[in-house]
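Input: a single structure, listed below in structure tokens.
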Amino acid sequence: MGSIDGKIAHNFKGGENIAPNMKEAREVELAKKLFSEIDKYRIATHKRLDADAAFSTALILSLQENPQPVIFVDSTEAITNDNIVLLDLDLGENSIKGDGIGSCFGLLVEVMDKADPVFHNYLITIAKHLNKIDSGKSDFQSYLDPHYLIRWWRLAGLDDGEILHTIYLLFKGMQKSVEKEEEAQIYLKASGRKEKFCMIVENPPRDAKIHKFVFKKGVAAYIYYNTRPEDMGMGLIINPKLQQEGFSCHYLKEKLPEGWIILEHMVFWGSLKVPKDTAQSGITLDEFVKIVNRQIKTFKRLKKKEL
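Written out as structure tokens, the structure reads:
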């Protein structure tokens with residue numbers, strides 16, 4: 461994938477339409493500068509972290525190659541150092557509060573949208589939620605609400621630094637997931653082969669959720685085939701749209717040898733949790749593909765007759 465901070469530095473074009481007044485315009489420009497030279501700046505935020513301060517600060521730290529210790533200040537304590545950006549504070553030219561968007565985190569995510577769209581998509585739901593909650597526009601309560609998480613971590617005894625580190629790890633995990641998704645798309649393009657209704661991928665990258673990209677292409681069924689000793693097995697996952705039309709993997713029950721696990725949306729011999737030798741499955745990969753294609757074809761033909 462390349463470093464996310466590198467993408468921000470070289471591909472940044474975000475935040476064009478989010479500054480209706482001078483204060484917001486200044487904050488957007490500061491955010492652009494922060495993202496374009498992200499390793500140049502040290503971050504300050506207020507003591508007794510709330511969700512907006514914690515998530516905003518952790519996001520920037522997760523994008524820095526060598527994050528420096530955060531400076532915790534009182535909410536009225538101004539810092540004038542040009543190399544320090546104050547997040548979730550309203551203390552002058554080097555601070556970002558994000559009131560116009562609804563939250564500091566929301567402004568940061570909005571500004572970085574063009575820099576890394578995949579990572580941005582992971583963050584946008586959190587940003588929208590914080591925008592509403594932080595500006596008092598929503599009474600929605602969820603036990604996954606960032607505000608609840610901060611409260612519970614604090615009740616569990618975590619201090620500001622420990623809370624920040626926990627969210628930092630969350631964002632680093634998201635970035636790893638972004639990398640996995642990009643690897644999956646590259647692998648699918650190079651190694652996926654389509655046969656009628658099915659996309660077949662042999663030895664797909666682990667934990668890559670490669671079927672998501674197969675379904676985005678409109679393919680009805682994803683078939684995987686693993687020969688690696690640690691995760692031997694093969695199986696099928698059907699497109700949710702096909703399932704909504706009424707197709708079920710239980711239609712394959714009479715077509716497969718004994719020992720296969722059959723659920724509504726998937727069928728498999730062996731899995732990541734319980735590897736099984738495909739040679740013991742009672743069927744070859746090519747035979748499996750033919751059965752699946754034939755069954756989907758039959759289902760679609762019957763659906764047309766119903767119409």
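Counting from 461, one number per residue, gives the positions in the sequence shown under this note's numbering.
Even glycine gets a Cβ: it sits at the ideal position worked out from N, Cα and C.
Since this is a predicted model, take the numbers as computed values, not measurements.
Residue environment, residue i, which counts as buried when at least 16 other CB atoms sit within 10 Å
i: GLU718; result: exposed
i: ASN481; result: exposed
i: ASN541; result: exposed
i: ASP548; result: buried
i: LYS710; result: Note that residue 710 is His in the sequence shown here, rather than Lys. It is exposed - the Cβ of HIS710 has fewer than 16 other Cβ atoms within 10 Å.
i: THR738; result: buried
i: TYR608; result: exposed
i: ASN686; result: buried
i: LEU723; result: exposed
i: GLU489; result: exposed
i: VAL569; result: buried
i: VAL679; result: buried
i: LYS763; result: exposed
Strand pairing of residue i, partner residues [DSSP]
i: ILE697; result: TYR682, MET726
i: LEU547; result: ILE556
i: MET572; result: DSSP, once it has assigned bridges, lists no residue as partnering MET572.
Inter-residue CB distance, residue i and residue j (contact presumed, cutoff 8 Å)
i: GLY562; j: ASN543; result: No, GLY562 and ASN543 are not in contact; Cβ-Cβ is about 28 Å, not under 8 Å.
i: VAL638; j: VAL578; result: 5 Å
i: LEU696; j: VAL727; result: 5 Å
i: MET694; j: PHE631; result: The pair is not a contact, with the Cβ atoms about 35 Å apart (cut-off 8 Å).
For residue i, the nearest candidate out of the options (CA to CA)
i: LEU546; options: LYS757, LYS493, ARG502, GLN645; result: ARG502
i: ILE691; options: GLU662, ASN699, LEU702, PHE707; result: Residue 691 is actually Asp in this sequence, not Ile. For the residues GLU662, ASN699, LEU702, PHE707, the minimum Cα distance to ASP691 belongs to GLU662.
i: LYS507; options: THR536, LYS492, ASN526; result: THR536
i: ALA753; options: LYS763, LYS632, CYS658; result: In the sequence as presented, Ala is not what sits at residue 753; that position holds Asn. Comparing Cα-Cα distances from ASN753 to each of LYS763, LYS632, CYS658, the minimum goes to CYS658.
i: GLU497; options: LYS656, PRO527, LYS676; result: PRO527
i: ILE531; options: LYS715, PHE759, GLU525, THR517; result: THR517
i: PHE707; options: LYS656, HIS725, ARG653; result: HIS725
i: LEU618; options: ASP605, ASP510, ILE756; result: ASP510
i: PRO606; options: LEU551, ALA514, GLN635; result: ALA514
i: LEU716; options: LEU732, ALA681, THR744, THR505; result: THR744
i: LYS672; options: ARG653, LYS654, GLN740, LEU648; result: LEU648
i: LEU629; options: PHE495, LEU523, GLN740; result: LEU523
is_contact[residue i, chain B] using C-beta, thresh 8 Å
i: TYR682; result: This model lacks chain B altogether, as it is built from one protein chain only.
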